[in-house]
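Reading the sequence shown from the start, the letters are residues 1 to 120 in UniProt numbering. C-beta: ideal position from N, C-alpha, C; glycine also.
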Amino acid sequence: MTYLDSAWYMVADGARARVLKHAGGTFHPLTTLTADDGDEEAFARRLATYLNDAAERGDIDGLALAAPPRTLHVLRTHLSAIARGRVVSEQPHDLTGIADHDLPSHFDIPATGWPRPLPE
1 MTYLDSAWYM VADGARARVL KHAGGTFHPL TTLTADDGDE EAFARRLATY
51 LNDAAERGDI DGLALAAPPR TLHVLRTHLS AIARGRVVSE QPHDLTGIAD
101 HDLPSHFDIP ATGWPRPLPE
(Lines of atoms letter the chains of each structure in order from A; the text may use other names.)
(Lines give C-alpha, C1' and ligand atoms only; values in the text may rest on other atoms or scores of the structure.)
Protein backbone atom coordinates (compact mmCIF):
# COMPACT_ATOMS: atom_id res chain seq x y z
CA MET A 1 0.00 0.00 0.00
CA THR A 2 1.31 3.41 -0.93
CA TYR A 3 0.40 6.48 1.07
CA LEU A 4 1.47 10.06 1.44
CA ASP A 5 3.07 11.11 4.68
CA SER A 6 4.29 14.66 4.69
CA ALA A 7 5.47 14.65 8.30
CA TRP A 8 9.06 15.27 9.28
CA TYR A 9 10.69 12.87 11.72
CA MET A 10 13.48 13.97 14.05
CA VAL A 11 15.51 11.35 15.89
CA ALA A 12 17.91 13.01 18.30
CA ASP A 13 20.06 12.60 21.36
CA GLY A 14 22.20 15.16 23.15
CA ALA A 15 24.87 15.23 20.45
CA ARG A 16 23.34 14.41 17.06
CA ALA A 17 20.04 14.50 15.22
CA ARG A 18 18.63 13.31 11.91
CA VAL A 19 15.65 14.88 10.21
CA LEU A 20 13.89 12.55 7.79
CA LYS A 21 10.78 12.20 5.63
CA HIS A 22 8.90 8.94 5.14
CA ALA A 23 8.11 7.70 1.63
CA GLY A 24 7.76 4.29 0.06
CA GLY A 25 7.93 2.50 3.40
CA THR A 26 11.31 3.90 4.41
CA PHE A 27 12.86 7.10 5.73
CA HIS A 28 14.88 9.48 3.58
CA PRO A 29 17.29 11.92 5.28
CA LEU A 30 16.73 15.65 4.91
CA THR A 31 19.60 16.77 7.14
CA THR A 32 21.92 15.71 9.95
CA LEU A 33 22.84 18.05 12.79
CA THR A 34 25.61 17.60 15.36
CA ALA A 35 26.49 19.39 18.58
CA ASP A 36 29.51 21.67 18.39
CA ASP A 37 30.60 21.67 22.00
CA GLY A 38 28.99 18.76 23.85
CA ASP A 39 26.43 20.99 25.59
CA GLU A 40 23.28 18.84 25.34
CA GLU A 41 20.88 21.56 26.40
CA ALA A 42 22.31 24.10 23.94
CA PHE A 43 22.08 21.48 21.20
CA ALA A 44 18.41 20.77 21.99
CA ARG A 45 17.72 24.52 21.83
CA ARG A 46 19.48 24.64 18.45
CA LEU A 47 17.29 21.77 17.22
CA ALA A 48 14.19 23.64 18.40
CA THR A 49 15.33 26.75 16.52
CA TYR A 50 15.83 24.68 13.36
CA LEU A 51 12.32 23.23 13.67
CA ASN A 52 10.79 26.60 14.59
CA ASP A 53 12.29 28.20 11.47
CA ALA A 54 11.04 25.35 9.25
CA ALA A 55 7.56 25.53 10.77
CA GLU A 56 7.48 29.32 10.32
CA ARG A 57 8.37 28.88 6.62
CA GLY A 58 5.56 26.33 6.27
CA ASP A 59 7.92 23.43 5.49
CA ILE A 60 6.47 21.15 8.19
CA ASP A 61 2.93 19.75 7.98
CA GLY A 62 3.48 17.29 10.81
CA LEU A 63 6.37 16.53 13.15
CA ALA A 64 7.24 13.28 14.92
CA LEU A 65 9.96 13.53 17.59
CA ALA A 66 12.05 10.78 19.15
CA ALA A 67 14.68 11.67 21.75
CA PRO A 68 15.70 10.65 25.27
CA PRO A 69 13.40 12.19 27.91
CA ARG A 70 15.79 15.00 28.92
CA THR A 71 16.50 16.06 25.33
CA LEU A 72 12.82 15.78 24.41
CA HIS A 73 11.88 17.96 27.39
CA VAL A 74 14.31 20.75 26.45
CA LEU A 75 13.32 20.50 22.79
CA ARG A 76 9.62 20.67 23.63
CA THR A 77 10.19 23.64 25.96
CA HIS A 78 11.82 25.68 23.19
CA LEU A 79 9.45 24.86 20.32
CA SER A 80 7.38 27.79 19.11
CA ALA A 81 3.58 27.62 19.19
CA ILE A 82 3.57 26.97 15.43
CA ALA A 83 6.07 24.10 15.67
CA ARG A 84 4.32 22.63 18.75
CA GLY A 85 1.08 22.69 16.79
CA ARG A 86 2.67 20.46 14.14
CA VAL A 87 3.72 17.70 16.56
CA VAL A 88 1.84 14.48 15.76
CA SER A 89 3.97 12.05 17.79
CA GLU A 90 6.57 12.08 20.57
CA GLN A 91 8.69 9.15 21.69
CA PRO A 92 10.94 9.44 24.75
CA HIS A 93 13.54 7.07 23.27
CA ASP A 94 16.99 7.42 21.71
CA LEU A 95 16.57 6.07 18.17
CA THR A 96 19.73 7.67 16.76
CA GLY A 97 21.47 4.29 16.57
CA ILE A 98 18.68 2.81 14.43
CA ALA A 99 19.33 2.68 10.67
CA ASP A 100 16.97 4.78 8.53
CA HIS A 101 15.47 1.70 6.87
CA ASP A 102 14.59 0.22 10.29
CA LEU A 103 12.94 3.36 11.72
CA PRO A 104 9.38 2.84 10.36
CA SER A 105 8.81 -0.02 12.80
CA HIS A 106 9.66 2.30 15.71
CA PHE A 107 6.93 4.83 14.82
CA ASP A 108 3.25 3.92 14.84
CA ILE A 109 2.67 5.45 11.41
CA PRO A 110 -1.00 5.28 10.34
CA ALA A 111 -1.47 3.52 6.99
CA THR A 112 -3.08 6.68 5.60
CA GLY A 113 -0.41 8.98 7.01
CA TRP A 114 -0.66 11.20 10.06
CA PRO A 115 -3.80 13.29 10.48
CA ARG A 116 -2.90 16.84 9.53
CA PRO A 117 -2.73 19.10 12.62
CA LEU A 118 -5.27 21.89 12.67
CA PRO A 119 -3.87 25.26 11.57
CA GLU A 120 -3.09 27.81 14.27
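- For G85, the secondary structure class from DSSP, reduced to helix, strand or coil, is helix.
- Sequence-distant Cβ neighbours of E40 in its own chain, meaning closer than 6 Å and more than five residues away, are G14.
- Among the bridge pairs identified by DSSP, Y9 is matched with L20 and A64.
- Between T96 and R16, the CB-CB gap stays under 8 Å.
- If you draw a straight line from the Cα of H22 to the Cα of D37, it comes to about 30 Å.
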